[in-house]
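S.K.: Numbering (my numbering), first residue to last: 21 to 140.
First the structure, which I've put down as structure tokens, then a few questions once you've had a look.
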Amino acid sequence: MLFVFGCATGNCRSEKMKQEKKEGPMPPKDNKLIPETSLSERVKVFKYDGTLQCAQGKKIDLNVMQKDLKDIKVYNSFSDNDGMMRVQLCGSLTGNANVYEIDRENLKKALSLGFKEWLK
Numbered sequence: 021m022l023f024v025f026g027c028a029t030g031n032c033r034s035e036k037m038k039q040e041k042k043e044g045p046m047p048p049k050d051n052k053l054i055p056e057t058s059l060s061e062r063v064k065v066f067k068y069d070g071t072l073q074c075a076q077g078k079k080i081d082l083n084v085m086q087k088d089l090k091d092i093k094v095y096n097s098f099s100d101n102d103g104m105m106r107v108q109l110c111g112s113l114t115g116n117a118n119v120y121e122i123d124r125e126n127l128k129k130a131l132s133l134g135f136k137e138w139l140k
């Protein structure tokens, strides 16, 4: 079976466009779920979590490392791998990092505290 639907008086899109022109552009809706700072004003910074290949090294927990950011507000945090290729050698970095989302205005301060910008 084949079903075909359409407008009885002509092109449906042209009718909708005429109506939009009469009413004007829709005003933007207030969205209470969007935070005050936009995502473009934020940046991600990271430090490696201390894990080394061959189960060497000790992992530093996200919450523990977040204290290194001192009074910088953190919006989001997660653990991730930097995705870079590494030599397979016991004692080498695993590439696992703790990543924190902060305001862009605090980037220089975070860099001075030993963090790097997460560009992944």
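Using N, Cα and C, we set each Cβ at its ideal position, and we do this for glycine too.
From a predicted model like this one, the values you see are computed outputs, not experimental measurements.
So the beta strand (DSSP E) Lys-67 belongs to, where does it begin and stop?
M.R.: Where Lys-67 is concerned, the enclosing beta strand (DSSP E) stretches over 62-68.
S.K.: Which word fits Phe-5, buried or exposed, when buried means at least 16 other C-beta atoms lie within 10 angstroms of its C-beta?
M.R.: No answer is possible for residue 5: the residues shown for the chain start at 21 and end at 140.
S.K.: Who are the Cβ neighbours of Thr-114 in its own chain at under 7 Å, not counting the five residues just before and after it?
M.R.: Excluding positions up to five away in sequence, the list reads Thr-71, Leu-72 and Gln-73.
S.K.: Candidates Phe-66, Leu-109 and Lys-129: which alpha carbon is nearest Ile-80's?
M.R.: Out of Phe-66, Leu-109 and Lys-129, Phe-66 has the C-alpha closest to the C-alpha of Ile-80.
S.K.: What residue from Ile-122, Gln-86, Lys-78 and Leu-131 has the CA that sits closest to Ser-60's CA?
M.R.: Comparing Cα positions, the closest option is Ile-122.
S.K.: Return helix, strand or coil for Val-113, following the three-state DSSP convention.
M.R.: According to the sequence shown, residue 113 is Leu rather than Val. Strand, per DSSP.
S.K.: In angstroms with no decimal places, state the Cα-to-Cα distance between Leu-127 and Lys-93.
M.R.: Whole-angstrom Cα-Cα distance: 11 Å.
S.K.: Where do the ends of the beta strand (DSSP E) carrying Asn-96 lie?
M.R.: That run of the beta strand (DSSP E) goes 94-101.
S.K.: Hey, Val-119 and Asp-100: beta-carbon distance below 8 Å or not?
M.R.: The answer is yes: Cβ separation under 8 Å.
S.K.: To which residues of the same chain is Phe-135 closer than 8 Å at the C-beta, ignoring the five residues directly before and after it?
M.R.: Excluding sequence neighbours, Phe-135 sits near Val-65, Phe-66, Lys-67, Asp-88, Leu-89 and Tyr-120.
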